[in-house]
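Number of protein chains: 2
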Amino acid sequence: MMKIAVDAMGGDFAPHAVVAGAVEAAKEIGVGVILVGIEQTIQEELRKHPAARSLPIEIRNATQVVDMHDSPSTVFRRKKDSSIRVANNLVKSGEAVAVISAGNTGAAMATSLFVLGALEGVERPAIAVFMPTIKGSCLVLDMGANVDCKPVHLLQFGIMGEVFTKYLRKNPNPRVGLLSIGEEATKGNELTKEAFRLLKETSLNFIGNVEGRDMMMGKADVIVCDGFIGNVVLKISESVAESIRTILRENIGDNLIRKLGYFMMKPAFQALKRKVDYAEYGGAPLLGVNGVSIISHGRSSPRAIKNAVRVAAEIARSDVNKHIHEDIKRNMELAKIK
Amino acid sequence: MMKIAVDAMGGDFAPHAVVAGAVEAAKEIGVGVILVGIEQTIQEELRKHPAARSLPIEIRNATQVVDMHDSPSTVFRRKKDSSIRVANNLVKSGEAVAVISAGNTGAAMATSLFVLGALEGVERPAIAVFMPTIKGSCLVLDMGANVDCKPVHLLQFGIMGEVFTKYLRKNPNPRVGLLSIGEEATKGNELTKEAFRLLKETSLNFIGNVEGRDMMMGKADVIVCDGFIGNVVLKISESVAESIRTILRENIGDNLIRKLGYFMMKPAFQALKRKVDYAEYGGAPLLGVNGVSIISHGRSSPRAIKNAVRVAAEIARSDVNKHIHEDIKRNMELAKIK
Numbered sequence: 063m064m065k066i067a068v069d070a071m072g073g074d075f076a077p078h079a080v081v082a083g084a085v086e087a088a089k090e091i092g093v094g095v096i097l098v099g100i101e102q103t104i105q106e107e108l109r110k111h112p113a114a115r116s117l118p119i120e121i122r123n124a125t126q127v128v129d130m131h132d133s134p135s136t137v138f139r140r141k142k143d144s145s146i147r148v149a150n151n152l153v154k155s156g157e158a159v160a161v162i163s164a165g166n167t168g169a170a171m172a173t174s175l176f177v178l179g180a181l182e183g184v185e186r187p188a189i190a191v192f193m194p195t196i197k198g199s200c201l202v203l204d205m206g207a208n209v210d211c212k213p214v215h216l217l218q219f220g221i222m223g224e225v226f227t228k229y230l231r232k233n234p235n236p237r238v239g240l241l242s243i244g245e246e247a248t249k250g251n252e253l254t255k256e257a258f259r260l261l262k263e264t265s266l267n268f269i270g271n272v273e274g275r276d277m278m279m280g281k282a283d284v285i286v287c288d289g290f291i292g293n294v295v296l297k298i299s300e301s302v303a304e305s306i307r308t309i310l311r312e313n314i315g316d317n318l319i320r321k322l323g324y325f326m327m328k329p330a331f332q333a334l335k336r337k338v339d340y341a342e343y344g345g346a347p348l349l350g351v352n353g354v355s356i357i358s359h360g361r362s363s364p365r366a367i368k369n370a371v372r373v374a375a376e377i378a379r380s381d382v383n384k385h386i387h388e389d390i391k392r393n394m395e396l397a398k399i400k
Numbered sequence: 063m064m065k066i067a068v069d070a071m072g073g074d075f076a077p078h079a080v081v082a083g084a085v086e087a088a089k090e091i092g093v094g095v096i097l098v099g100i101e102q103t104i105q106e107e108l109r110k111h112p113a114a115r116s117l118p119i120e121i122r123n124a125t126q127v128v129d130m131h132d133s134p135s136t137v138f139r140r141k142k143d144s145s146i147r148v149a150n151n152l153v154k155s156g157e158a159v160a161v162i163s164a165g166n167t168g169a170a171m172a173t174s175l176f177v178l179g180a181l182e183g184v185e186r187p188a189i190a191v192f193m194p195t196i197k198g199s200c201l202v203l204d205m206g207a208n209v210d211c212k213p214v215h216l217l218q219f220g221i222m223g224e225v226f227t228k229y230l231r232k233n234p235n236p237r238v239g240l241l242s243i244g245e246e247a248t249k250g251n252e253l254t255k256e257a258f259r260l261l262k263e264t265s266l267n268f269i270g271n272v273e274g275r276d277m278m279m280g281k282a283d284v285i286v287c288d289g290f291i292g293n294v295v296l297k298i299s300e301s302v303a304e305s306i307r308t309i310l311r312e313n314i315g316d317n318l319i320r321k322l323g324y325f326m327m328k329p330a331f332q333a334l335k336r337k338v339d340y341a342e343y344g345g346a347p348l349l350g351v352n353g354v355s356i357i358s359h360g361r362s363s364p365r366a367i368k369n370a371v372r373v374a375a376e377i378a379r380s381d382v383n384k385h386i387h388e389d390i391k392r393n394m395e396l397a398k399i400k
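Going down the list, the sequences are from chains A and B. Numbering-wise, the first sequence is residues 63 to 400 according to our numbering. Numbering-wise, the second sequence is residues 63 to 400 according to our numbering.
This is the structure we're talking about:
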């Protein structure tokens, strides 16, 4: 049975939410879970779940905890026995097939990069996040692993995103778009204009530039951008949705008619919430590393953790990494990059 | 009486919406309006507004029209008698104090830059847009005039944004933030990290990095970013709001209870709509040019055009350009940039 290493100490609601999610995953998904962190703390949490005793759940002790303010370099040098580091080591040694952390994003990402390393041919692994659209969702990458990118990095993000969507989402011919500020090839900044030129040379189903509004309309299945913009876009989208809720709530206030109206409309609001709920997607894979690493949202609920384990298991069972390696090699030749 | 030149041929609903808005402006705001474009077309539109005959409205003929697909360079070379160009010429010659166009954004912006030129000391004029927050609004710049920026450009955007907010919004000490992906000075890309260092040296009330969510929460009054990101952020925000409406509408569907619920909640939705309606803000000033130029939304309604005329008149009556020139000079010295 394949095992997934879960950083039990990472996330705003850890260890409680992480342990609860891991227990559900072990029950439902048919994989083993290795909970990594301070042994005693994890044991106390596990005691709240009597069913856990008969499930394939192990504990691996790690004496240190990474907090939100630790820089990646501090984590490397001073926290070699942290739950994030130990969980990644389990993948490196082959004991686990994947690692999941909802902790400090920068540290989780940098640790996976450092411990697992990049797949051969991949210049920069990237975080891929599913974002909701009115038609379903699209995969956006990079979401923050690389704040300064070269055109060839965006090219590789496109290839990795296509492979992931093809094999994990069973979409045989995903449309790949480049996030820019106009549809024509001449629109954009220096980075995107050169990336456009490279993407056009590849075997990808490249549909050209897409704008913010195209993204929400579901015009592309994969959207490529540098990690700085990707991260800004993710946070803006989350907060626009949240602000709209806040403004509506304030305007409903104590007004009984509006309150009743809200109650009557509730199924529509719930459908909306399901659609924009990151917990549905579980976590964001760090694509391009030699192994499987899932970066989960800091506010991960038990359900989000369970879904992250599901995604991790799916990737581990698939040939995604092999295809990423092969497709990057082939397309780098097509785009004439040595 | 000061006169405002309005490009009557620019915008998705031109000339109808533009002429209607200009008539309202001439009636309510106490300024003269020069409608620029194909004379006969404008006259036909004006005939629909009998009150216009006694208002301070003039027509200036321009034989060419810029369409959405014209590149700025085509407009320069081949459309020297376009409404956008002629309207800008009126400001250059001093006949009008400001120009407004809801047409091709790139052409409108480039024409103002070319015809009016930059204020002394300003390296790159920038488009400043008010974006709604849960507390009111914040001024974001640049929104697309400069897709590739250097740190000193972001510094100047901060200064221009502060001056505008101080003198036009009567906010004596606006908080200026730098759009980035983390609060600490060490977070961001090469561009923002260096811009952070420069902004700290100035007389601005610089509050450091702000993230997407801070923006919506109203943490800053002025937010600085490069024009590529600014444009992406603007379009994403607009389309997230629109997508939420679409998803809710689909989920209400033909369900009578939900429809009734929507009706009962309608005042709350209307309050939300007012808050996110660009028409309230009228248009986006191109700050840093030697004159006043307002870039209006392509979908401008008559009310949006009227509000754009109001904003143009306010800027023309103020000392904003003088202060931009002085504050940039002073702060370039503080930041030790020669």
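Positions of the beta carbon are idealized from the N, C-alpha and C atoms, including for glycine.
Beta carbon proximity, residue i to chain B, threshold 8 angstroms
| i | result |
| --- | --- |
| Ala303/A | yes |
| Lys368/A | no |
| Met278/A | yes |
| Leu241/A | yes |
| Met171/A | no |
| Ile309/A | yes |
| Tyr229/A | no |
| Arg139/A | no |
| Lys212/A | no |
| Tyr324/A | yes |
Alpha-carbon spacing of residue i relative to residue j, whole angstroms
| i | j | result |
| --- | --- | --- |
| Lys154/A | Asn352/A | 9 angstroms |
| Ile104/A | Leu152/A | 18 angstroms |
| Glu263/B | Gly239/B | 14 angstroms |
| Arg237/A | Gly289/B | 26 angstroms |
| Gly179/A | Arg115/A | 35 angstroms |
| Asp129/A | Gly344/A | 21 angstroms |
| Val202/A | Leu230/A | 15 angstroms |
| Ser133/B | Gly250/A | 14 angstroms |
| Gly72/A | Arg361/A | 10 angstroms |
| Gln218/B | Lys384/A | 48 angstroms |
| Asp283/A | Met205/B | 26 angstroms |
| Leu349/B | Val225/B | 10 angstroms |
| Ala247/A | Gly165/B | 21 angstroms |
| Arg109/A | Ala79/A | 14 angstroms |
| Ile390/B | Lys197/A | 47 angstroms |
| Pro234/A | Ile386/A | 15 angstroms |
| Met327/B | Lys321/A | 7 angstroms |
| Asp143/A | Ala124/A | 5 angstroms |
Best match in the options for proximity to residue i [C-alpha to C-alpha]
| i | options | result |
| --- | --- | --- |
| Leu117/B | Ile96/B, Asn123/B and Arg307/B | Ile96/B |
| Asn293/B | Ile162/B, Ala188/B, Glu376/B and Val148/B | Ala188/B |
| Phe258/A | Gly220/A, Glu300/A and Pro347/A | Gly220/A |
| Leu310/A | Lys391/A, Phe331/A, Ile298/A and Glu300/A | Phe331/A |
| Pro194/A | Gly280/A, Thr248/A and Asn251/A | Gly280/A |
| Glu395/B | Ala160/B, Ile319/B and Leu260/B | Leu260/B |
| Gly223/A | Ile357/A, Gln126/A, Ile319/A and Ile285/A | Ile285/A |
| Thr308/A | Ala333/B, Ser242/B and Thr125/B | Ala333/B |
| Ile314/B | Ser305/B, Ile306/B and Tyr324/B | Tyr324/B |
| Ile100/A | Pro134/A, Ala149/A, Arg336/A and Gly92/A | Ala149/A |
| Thr227/B | Ala190/B, Glu245/B and His215/B | Ala190/B |
| Val177/B | Met205/B, Val137/B and Val214/B | Val137/B |
| Lys337/A | Cys200/A, Arg140/A and Ile119/A | Cys200/A |
| Glu398/A | Arg122/A, Thr125/A, Val214/A and Glu90/A | Going by the sequence as given, residue 398/A is Lys instead of Glu. That would be Val214/A, whose Cα lies nearest to the Cα of Lys398/A. |
| Phe192/A | Ser242/A, Asn393/A, Val373/A and Arg392/A | Val373/A |
is_contact[residue i, chain A] using C-beta, thresh 8 angstroms
| i | result |
| --- | --- |
| Asn313/B | yes |
| Phe219/B | no |
| Val294/B | yes |
| Ser299/B | yes |
| Arg320/B | yes |
| Val209/B | yes |
| Asn251/B | yes |
| Pro118/B | no |
| Gly206/B | yes |
Hey, is the stretch 180-189 of chain B in contact with the stretch 80-94 of chain B, meaning 3+ C-beta pairs nearer than 8 angstroms? no
Is there contact between the stretch 365-379 of chain A and the stretch 207-224 of chain A, where contact requires at least three CB pairs shorter than 8 angstroms? no
Tell me, please, whether the stretch 374-381 of chain A touches the stretch 165-175 of chain A by the rule of three or more beta-carbon pairs shorter than 8 angstroms. Fewer than three pairs of CB atoms, one per stretch, sit closer than 8 angstroms, so the stretch 374-381 of chain A makes no contact with the stretch 165-175 of chain A.
Counting only runs that start and end within the stretch 173-252 of chain A, where is the alpha helix (DSSP H) found for 4 or more residues in a row? Counting only runs of at least 4 residues, the stretch 173-252 of chain A fully encloses the following alpha helix (DSSP H) elements, listed from N- to C-terminal order: 213-230.
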